[in-house]
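Taking it in order: structure first as structure tokens, then the write-up.
Numbering (our numbering), first residue to last: 94 to 483.
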């Protein structure tokens, strides 16, 4: 393991034993007093999260401790889904600022992410973990884009809770049930955010020539559904058609219209929610303006595997934090440990940890978004392709 980072995972069913195992392994590899530590636990250990966080804080003594309870957690080459597990990561990354994001008053128009926008430099990276029932990440990221467009976000929504007030978010020695918690890395941290949206494009890009909000009526002067049907009839196999019938059809929206050509990574991918055969219109999970360039995408296990490998290609790092969708794992790939294995295959046996989220945070085209069925990664000690923080 790198001398600046360490990660460990325990599947011991007793919280105190599991905590002792991961803390012991991290201290053996790294020592004490890292700048940042993150701890993630599965639901069987969620009730003991205060004690787990307290033990990590007392023995490891990190500058900032961040974490949550999640449906599944990730460690080095391992993903533990739903059964008892604790994943711990720690690193020396330079100054780190803890941020508590309180849920806004529902009777006001308060900025849902004001606390994050008011901390730190105008550029850098923040690791954010939110409560899916009270943290309006999409609106918050829109506000962040206006106030601090250079601050990129990696992280995701905690996924262990089944209803409001049941999330468990860790910041320092406190455990919260709502809002969000964050750790803002200093400008000196060598870090890189990556997002694999798990899709591949089909057909060709087209300009939206008629739309209203999230309804697209025409692509390049033809009904949107007709454009899709032409692709289905001319280009797709029966297996690819089956992906569409299972709900795997998405639309990629170009994030930078100034580019001469568009390829993987140039699209913000959103799901296609339905179509109207009477007028050829399609409903998309995003508002799409007239003049926007779009392209249909397919999302399935093969596309997700290919896209993650392509996203990581050319990168090097000393450590990684992984925030994968809770719809991935064995639900999508039918085999265990997929994303953790791909990260290790691409980057080597580096310290890695994370959790499976109910919505992943990460930038596409230089702007933060909430994603689904994606893998958002934060590479630490990053070198290689576009290694500067972004």
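Idealized CB from N, CA, C, for every residue including glycine.
Check: Check whether the Cβ atoms of residue 241 and residue 204 sit closer than 8 Å, and answer yes or no.; Outcome: no
Check: Residue 450 and residue 249 - do their beta-carbons sit closer together than 8 Å?; Outcome: yes
Check: Assuming residue 319 and residue 373 make a contact with CB atoms under 8 Å, what is their CB distance in whole Å?; Outcome: 5 Å
Check: CB-CB under 8 Å to residue 481, same chain, minus the five flanking residues each way: which ones, in chain order?; Outcome: Any answer about residue 481 is weak, because its pLDDT of 38 lies below 50 and its placement is not dependable; what the coordinates show is given next. Counting only Cβ-Cβ distances below 8 Å, and skipping sequence neighbours, we find 285.
Check: Quickly, what does DSSP pair residue 289 with across the bridge? List them, please.; Outcome: 468
Check: Do the stretch 377-390 and the stretch 298-306 make contact, defined as three or more Cβ pairs closer than 8 Å?; Outcome: yes
Check: Return the residue from the list 220, 308, 160 and 125 that minimises the CA-CA distance to residue 385.; Outcome: 308
Check: Taking only three categories from DSSP, how would you classify residue 338?; Outcome: helix
Check: Taking only the alpha-carbon atoms, compute the straight-line gap between residue 474 and residue 341 and give it to the nearest angstrom.; Outcome: 35 Å
Check: So, helix, strand or coil for residue 305, using DSSP?; Outcome: strand
Check: Taking 8 Å as the threshold (C-beta atoms), are residue 186 and residue 152 in contact?; Outcome: no
Check: Quick one: any contact between the stretch 133-144 and the stretch 155-173, if contact means 3 or more CB pairs under 8 Å?; Outcome: yes
Check: For residue 262 versus residue 220, is the C-beta distance shorter than 8 Å?; Outcome: no
Check: Any idea what DSSP makes of residue 333, helix, strand or coil?; Outcome: helix
Check: Could you tell me which uninterrupted alpha helix (DSSP H) segments, each at least 4 residues in length, are contained entirely in the stretch 415-477, listed from first to last along the chain?; Outcome: 422-426 and 431-440
Check: Under the three-state reduction of DSSP, which class applies to residue 242: helix, strand or coil?; Outcome: coil
Check: Comparing C-alpha positions only, which one of 472, 254 and 98 sits nearest to residue 416?; Outcome: 472
Check: Would you call the CB atoms of residue 154 and residue 444 closer than 8 Å?; Outcome: no
Check: Out of curiosity, what's the CA-to-CA distance linking residue 226 and residue 418?; Outcome: 17 Å
Check: Is it the case that the Cβ atoms of residue 470 and residue 413 are separated by a distance below 8 Å?; Outcome: yes
Check: With 16 other CB atoms within 10 Å as the buried threshold, where does residue 339 fall?; Outcome: exposed
Check: Quick one: using the 10 Å Cβ neighbour count with 16 as the cut-off for buried, is residue 479 buried or exposed?; Outcome: Unreliable placement is indicated for residue 479, whose pLDDT of 49 sits below 50; no coordinate value is reported for it.
Check: Please classify residue 379: does DSSP put it in a helix, a strand, or coil?; Outcome: coil
Check: From residue 259 to residue 267, what does the alpha carbon distance come to, in whole angstroms?; Outcome: 15 Å
Check: Where does residue 364 fall in DSSP's three states?; Outcome: strand
Check: Run the CB neighbour count on residue 108, radius 10 Å, all protein chains shown included, and call it buried at 16 or more, exposed below.; Outcome: buried
Check: For the stretch 141-168, list the beta strand (DSSP E) runs that are entirely contained and at least 3 residues long, ordered along the chain.; Outcome: 157-162 and 165-168
Check: Closest to residue 150 by CA distance: which of 112, 139 and 271 is it?; Outcome: 112
Check: Do residue 405 and residue 436 have their C-beta atoms closer together than 8 Å?; Outcome: yes
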